[in-house]
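A short write-up of the structure that comes next.
2 protein chains.
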Amino acid sequence: MEDKAQIQEAIKSQGEVVRKLKSEKASKEQGTRDYNPKQMAIREKVFNTIIRCFKRHGAETIDTPVFELKETLTGKYGEDSKLIYDLKDQGGELLSLRYDLTVPFARYLAMNKITNIKRYHIAKVYRRDNPAMTRGRYREFYQCDFDIAGQYDAMIPDAECLKIVHEILNELDLGDFRIKVNDRRILDGMFAVCGVPDDKFRTICSTVDKLDKMSWEDVKKEMVNEKGLSEEAADQIGEYVSMQGGMDLAERLLQDHKMSQSKQACAGLSDIKLLFKYLQLFHVTDKVVFDLSLARGLDYYTGVIYEAVLTQASAVSAANEAQNGANAEESVSVGSVAGGGRYDGLVGMFDPKGRRVPCVGVSIGIERIFSIMEQKAEASPEKVRTTEVQIMVASAQKNLLEERLQLISELWNAGIKAEVMYKKNPKLLSQLQYCEEAGIPLVAILGEQELKDGVVKLRVVATREEVDISRADLISEIKRRTEA
Amino acid sequence: MEDKAQIQEAIKSQGEVVRKLKSEKASKEQGTRDYNPKQMAIREKVFNTIIRCFKRHGAETIDTPVFELKETLTGKYGEDSKLIYDLKDQGGELLSLRYDLTVPFARYLAMNKITNIKRYHIAKVYRRDNPAMTRGRYREFYQCDFDIAGQYDAMIPDAECLKIVHEILNELDLGDFRIKVNDRRILDGMFAVCGVPDDKFRTICSTVDKLDKMSWEDVKKEMVNEKGLSEEAADQIGEYVSMQGGMDLAERLLQDHKMSQSKQACAGLSDIKLLFKYLQLFHVTDKVVFDLSLARGLDYYTGVIYEAVLTQASAVSAANEAQNGANAEESVSVGSVAGGGRYDGLVGMFDPKGRRVPCVGVSIGIERIFSIMEQKAEASPEKVRTTEVQIMVASAQKNLLEERLQLISELWNAGIKAEVMYKKNPKLLSQLQYCEEAGIPLVAILGEQELKDGVVKLRVVATREEVDISRADLISEIKRRTEA
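Residue numbers (the working numbering), protein chains in the order written: chain A, 1 to 484; chain B, 1001 to 1484.
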């Protein structure tokens, strides 16, 4: 097909590509990964749990392209905008890879003039971030988003989002977790009463957001030294952001002589109270904490914000953290696995007339969850099956390929999941070994005698039990034994 | 949060984005689309059919990143390489969006030294092609690939790939179809015996590939005038490429005094014979045609190639074609919906030592199928449901929000798909109307009297029948009525 020198050349240059791909440095730089069949089996299980929950709550689903017009993404992500991947200008519009699913969702609502929808969207997003692949942080990663758009009564959809997080983390069985809640209006009100100048709200908020990774001392240093805040203001903030509680804390702060001076803060605190009331009806308050240190980085939040963290490191991930030299304290919180909040202004930014569509939503941080599930699967003695094959069509003698193909065709047509070896004369032993490795529970064995008698020898791989089944009964017998 | 002038500015510039997006020109240039909930419901149905088939045949699944190193894609797609999307150089490796799923699969096998696998992969690929969105041709589109890698006996995996195409097109019920088969070795042998110079095989092959869109006269013109082939050679090719048949044609050509001079052609013809033998065992030869005009564009094929076409235009798409000014003849073949073949050299191109892993596979052209299914759904009187909600929790009187939330929480916890209106005091009529629009079959109506009696009024939306059900029996009653 191609001349030899050309092929040699191609092989040489492609070998180089593979060597690059395999080197630690390159894969780190690229920050992406392939999913092998075992990882895919785990991924499918996690997705199924999440999708089942989203559907239980009546969500529709939509899909948007992997790239958006560059200008659609501009001015939505604050300091993180530098992490957006751009496509090369090859003529036509300037395009960028999506950074999250929220901005494309808002663009979709505005473009189609949709004012009410409850939708989920599961897709990959792209960030030119510093990858940390052992911790499940990649440059290409999945987001699983659930959002409710529409003008509704306060805190009812917001409470449902938290109920969803609660259901999903419970079902995935990842260990204990906490859902922190706060409100952007409370943060802004707090900044105002602590004496933060208006134009520093967003940048001080970004610094507060680092409290889950930095000590208060370091956060304070950044506020005072880098962002030019007065020491006094910083100290006042420090007092508030150490506060955690439930509905009682919201009530106390509504009485707080400073906080109560801010109308914004009071609106936020009243909503937190209402939220807790609804969460009580959902029986999920045991996991929910009102935490004044929760800030969240993104620009577009306007009301309630929340973030779920696993509070117990699994044995495996704790060991990993130790290997990476992290200290014991760090491994207490293995990081955020879900987050979201209310963004009432984003859709209006895409509408020519600025018409607002209030939205609230949550995003499940699935890569982190995959990592934990994969480590769990590694540690478990049970083998992960990567196919659902019910039966292997095998032969005990030579020259029975045609008979095998005929039988497997019948099985496929009856909806049975079946495999056959792609050899004219495979050894029975190798056919049986394949079944053991792949976890296939049954083997249909054809031989001269069976063909004469109009039967198939059905072998149960686990017990090695063998019975003759007539061809007429074979399909129902396979279903009976494997579709329990 | 932001100052007013800034918001005004943002609204103005974003309004501009939306106007651009909405204009015919821009969306055409971008060549992508959003999927709305109805389209997603159809897409899910199609995917389920395809995945069920792939799983029935024992395939595992893998996933690869949306972008590859640019050099991975270089030199794999012949003249079509110009359609590859590159990412902007923002530091680090040069990256491109994947053009298909086959090259990433080969790269994955070589990188992980995998010599045997049967896998499917469903994901989006990217081509900077001229979009034709009414015909289901986009710049971002799904491919559904099934491939078998490994050193096996001839034509057994190849026959399974064709069986899979047959099963999927049957199950999707898109009307009649044909699967054309040919072999690259037969094409090359034919070119050789017709006097095409060695270095013109690939380019003449590309011209033959246009026979599904151009007349023989135009194809011949391109061969002679643009590609410098002799008229005599072109005429000889013309005779061969008009031939269609089954196993008999392969036998006849093995006796053909010219064709039989090519060892390559004979190897291909013998394999076509063997292929038809296996296809007979699978009972699918009624749809399969050995067609010497089938060429397929991609460089990497080395043996059997195939392509499935729908032969009957559905009423709707015929009407569409007519509107677009296409003539009646064109609408007889509505285009390729699946294609594939054998590529024994591709994996070796990525292996440092050039180790070969023979592969054969098929790709289902799903966008075309979506288009047809969407048109079918539009034409059908049956409404496509976009959620699976079983019941709406409603109230007949005011001030029952807390009771509704409590009940729906119980239902969710029991796995029931349920919705509630996000209003404190929704009207009963608007709750019932919502059910009719969304196709929700049941309503649980709460009222003061029902709460006192410990019952729920269960209303069947279609018949308006209402019965009182005790709270204890509610969940089993919902399941009984909706999980038939």
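No residue lacks a Cβ here, since even glycine has one placed at the ideal position from N, Cα and C.
- Between B/Asp1212 and B/Val1362, the CB-CB gap reaches or exceeds 9 Å.
- With the criterion set as a beta carbon lying under 7 Å from some beta carbon of chain B, the members of the region 88 to 108 of chain A are Lys88, Gln90, Gly92, Glu93 and Tyr108, in sequence order.
- With respect to the 9 Å criterion, B/Glu1437 and B/Leu1458 are not classified as neighbours on the basis of their beta carbons.
- B/Phe1276 has a beta carbon lying at 9 Å or more from every beta carbon in chain A.
- Taking a Cβ-Cβ threshold of 7 Å, the residues of chain A close to B/Leu1281 are Glu402, Leu405, Gln406 and Ser409, in chain order.
- Around the C-beta of B/Leu1094, fewer than 16 other C-beta atoms lie within 10 Å, and the residue is accordingly described as exposed.
- Under the Cβ distance rule, A/Ala59 counts among the residues neighbouring chain B, one pair being separated by less than 9 Å.
- Taking a contact to require three or more Cβ pairs closer than 8 Å, the region 1037 to 1053 of chain B and the region 1366 to 1374 of chain B qualify as touching.
- Chain-ordered, the chain B residues with CB closer than 7 Å to the CB of A/Ile156 read Tyr1422.
- No Cβ of chain B is located within less than 9 Å of the beta carbon of A/Pro197.
- Rounded to the nearest whole angstrom, the CA to CA distance from B/Ile1164 to B/Ile1051 is 11 Å.
- For the 9 Å CB-CB criterion, B/Leu1292 and B/Met1243 form a contact.
- The alpha-carbon separation between A/His57 and A/Gly175 amounts to approximately 23 Å.
- Under the three-state reduction of DSSP, B/Val1384 is assigned to coil, being neither helix nor strand.
- B/His1166: member of the alpha helix (DSSP H) spanning Ile1156 to Leu1172, first to last residue.
- Counting only residues of its own chain and dropping the five nearest sequence neighbours on each side, B/Ala1192 has a CB closer than 6 Å to the CB of Ser1262.
- Listed in chain order, the positions of the region 36 to 47 of chain A with a beta carbon within less than 9 Å of a beta carbon of chain B are Asn36, Pro37, Lys38, Gln39, Met40, Ala41, Arg43 and Glu44.
- Cβ neighbours of A/Ile416 within its own chain (closer than 8 Å, five residues either side excluded): Gln390, Ile391, Ile475, Ile478 and Lys479.
- B/Thr1064 has its alpha-carbon roughly 8 Å from the corresponding atom of B/Phe1105.
- Here B/Leu1172 is not near B/Val1284, since their CB atoms are 9 Å or more apart.
- In this structure, DSSP gives A/Lys118 an extended state, which the three-state scheme calls strand.
- Nearest to B/Met1155 by alpha-carbon distance, out of B/Glu1374, B/Leu1401, B/Arg1355 and B/Asp1344, is B/Asp1344.
- Excluding five sequence positions before and after A/Gly150, the CB atoms of its chain that fall closer than 6 Å to its own CB belong to Asn116, given in chain order.
- A/Gly339 is positioned such that its CB atom lies closer than 9 Å to that of A/Arg296.
- Pairing A/Ala472 with A/Arg464, the inter-Cα distance amounts to about 23 Å.
- Burial check for A/Gln433: the Cβ neighbour count within 10 Å stays below 16, so the residue is exposed.
- CA-CA distance, A/Tyr126 to A/Asp86, rounds to 10 Å.
- With respect to chain A, the C-beta atom of B/Ala1192 has no partner C-beta closer than 9 Å.
- With fewer than 16 neighbouring CB atoms inside 10 Å of its own CB, B/Leu1429 falls in the exposed class.
- In terms of CA proximity to A/Val241, A/Trp216 leads the group A/Ser260, A/Trp216 and A/Glu226.
- Taking C-beta atoms under 8 Å as the contact rule, B/Asp1299 and B/Gly1078 qualify, at a distance of about 4 Å.
- Taking a beta-carbon distance threshold of 9 Å, B/Trp1216 does not count as an interface residue toward chain A.
- For the C-beta of B/Thr1203, not a single chain A residue is nearer than 7 Å; the gap to the nearest is close to 13 Å.
- According to the DSSP assignment, B/Cys1194 belongs to no alpha helix (DSSP H), since it is labelled neither H nor E.
- Against A/Val66, the close residues of chain B are Thr1032, Val1066, Leu1097, Lys1124, Tyr1126 and Glu1140, in the order they occur along the chain (beta-carbon pairs closer than 9 Å).
- For A/Asn182, DSSP records a beta bridge to A/Ile305.
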